[in-house]
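Numbering (our numbering), first residue to last: 10 to 349.
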C-alpha cells in the first residue's frame with residue numbers, strides 16, 4: 010500500500026463504468042489520494058466493485074478513499090434495480106417536527122442501510138450530511154437536501170447520520186462548510202454572494218458545523234460571504250478557512266474543496282487548484298473525469314502535507330471496525346415509521 014505521504018492533494022473522478030488504460034496510467038503517475046464516483050460509473054454491483062478495485066490498484070492503495078454522493082432523494086448515484094433509493098433529508102426533517110425521537114430512529118436506520126450498501130461495494134466515504142440550513146427565497150440547489158430550516162434540529166439529525174455511517178465503516182463528510190443555505194444562485198452555475206452579517210451567520214448558519222466539528226471530513230462551499238471576505242469564495246479564502254472554519258467552528262479534520270469544475274470559481278484549473286490549497290484546503294476535488302482538466306490540476310497540485318496526512322489517517326482509523334445490521338428488520342421498521 011502506498012504511503013499517503015507520497016499522494017497528491019487531489020481526488021479525481023473517471024469518465025465511465027470501466028477504468029480506461031490512459032486513466033490508469035495517469036492515476037499511477039499522479040497518485041491522487043482517492044476517487045469520487047458518479048452515476049456514470051455505477052452500472053451494477055459486480056461492475057462497480059471491479060472499477061473500485063481497479064482505481065485503488067492504479068495508485069497501489071487498497072484503503073484509498075472512494076467517495077460518493079449517496080444522500081437520498083434527488084442526489085443519488087446508486088439506484089434501482091440494483092440498489093435502494095433512499096428518501097431525501099427533508100423527509101426526516103418533516104418527521105422531526107412531529108416527533109424528533111422517531112425521526113432520529115428512522116434516519117439512523119436509513120443511513121445504516123445506505124452505509125451497508127456502500128461498504129459492500131468498497132466505498133468508504135459518503136458525502137453527507139448536508140448541514141446547510143434551508144431558507145425561503147433562496148436557490149433550490151439545497152432545498153430538500155437539507156434537514157429543514159431549524160438550526161438547532163439540523164445538528165441533531167446531522168449527528169445521527171454521521172454516527173450511523175461510521176457504524177457501517179463509512180466516513181461522513183459534513184457539507185457545505187461554513188454554510189450554503191443562503192445561496193441565491195446554484196454554485197454549479199454561478200458564484201453565490203451572501204450579504205448576511207457575520208454575527209447572524211455565526212449564530213445560525215455556522216451552528217450545525219460547530220456542533221459537528223468533531224467529524225473527520227468536511228467539504229467547502231463555493232460562496233462569497235460579503236461580510237467576511239468580499240473578494241474570495243470560502244474555498245479559496247484563507248480568511249474564511251482559518252478564521253471561520255478552523256478557529257470559530259473549530260473543525261480540525263480533512264478539508265476537501267467542492268468540485269473545482271463548478272462555475273462559481275474563476276480562473277483556469279491551475280489557478281483554482283493553487284488558490285484552494287494555498288487558502289488552506291487539505292485536498293481539492295475534481296469530479297467530471299475530463300483528462301485535460303485533470304492534467305492541468307496534476308501539473309500544479311502539491312503532495313498531501315504532513316498535517317493533512319495526519320488528518321486523513323485519523324479519519325481512516327475511525328472506520329477500521331463496523332457493526333452488522335439486520336437489513337430485513339431495518340426495512341420493516343422503516344415501513345412502520347412511514348419511510349419507504
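C-beta atoms are modelled at their ideal positions from N, C-alpha and C, and glycine is treated no differently.
In the DSSP assignment, residue 75 falls within the beta strand (DSSP E) that extends over 75 to 77.
For residue 320, the number of other beta carbons within 10 angstroms of its own is at least 16, and it is reported as buried. The alpha-carbon of residue 267 is positioned some 14 Å away from that of residue 46.
Setting aside the 5 residues that flank it on each side, residue 96 is surrounded in the same chain by 81, 82, 119, 348, 349, each with a C-beta closer than 8 Å to its C-beta; the list follows chain order. Between residue 334 and residue 128, the gap from beta carbon to beta carbon reaches 7 Å or more.
Taking a cut-off of 8 Å for Cβ pairs, the segment 301 to 311 and the segment 275 to 290 touch, as three or more such pairs fall below it. The three-state reading of DSSP puts residue 50 in helix, counting H, G and I together. Counting along the chain, no beta strand (DSSP E) covers residue 277, and no H or E run does either. Taking 7 Å as the cut-off, the Cβ atoms of residue 35 and residue 75 do not count as close. Out of 195, 240, 68, 112, the CA that lies nearest to the CA of residue 170 is found in 112. Around the beta carbon of residue 323, fewer than 16 other beta carbons sit within 10 angstroms, so the residue counts as exposed. Beta-bridge annotation (DSSP): residue 295 is paired with 21.
Assignment of residue 228 by DSSP, reduced to helix, strand and coil, places it in the strand class.
Distance from the CA atom of residue 251 to the CA atom of residue 289, rounded to whole angstroms, is 7 Å. For residue 266, the enclosing beta strand (DSSP E) covers residues 263 to 268.
Taking a contact to require three or more Cβ pairs closer than 8 Å, the segment 63 to 79 and the segment 99 to 107 do not qualify as touching. Take the alpha-carbon of residue 293 and the one of residue 114: they are about 34 Å apart. Residue pairing by DSSP places residue 144 in no beta bridge whatsoever. Between residue 174 and residue 124, the CB-CB gap stays under 7 Å. Residue 344 is classed as exposed because its beta carbon has fewer than 16 other beta carbons within 10 Å across all chains shown. Residue environment for residue 203: buried (at least 16 other C-beta atoms within 10 angstroms of its C-beta).
With 16 or more other Cβ atoms inside 10 Å of its own Cβ, residue 318 counts as buried.
Classified as buried, residue 40 has 16 or more neighbouring CB atoms from the shown chains inside 10 Å of its CB. For residue 135, the closest alpha carbon among the candidates 153, 269, 77 is that of 77. CA-CA distance, residue 300 to residue 338, rounds to 45 Å. Cβ neighbours of residue 51 within its own chain (closer than 6 Å, five residues either side excluded): 57, 86, 87.
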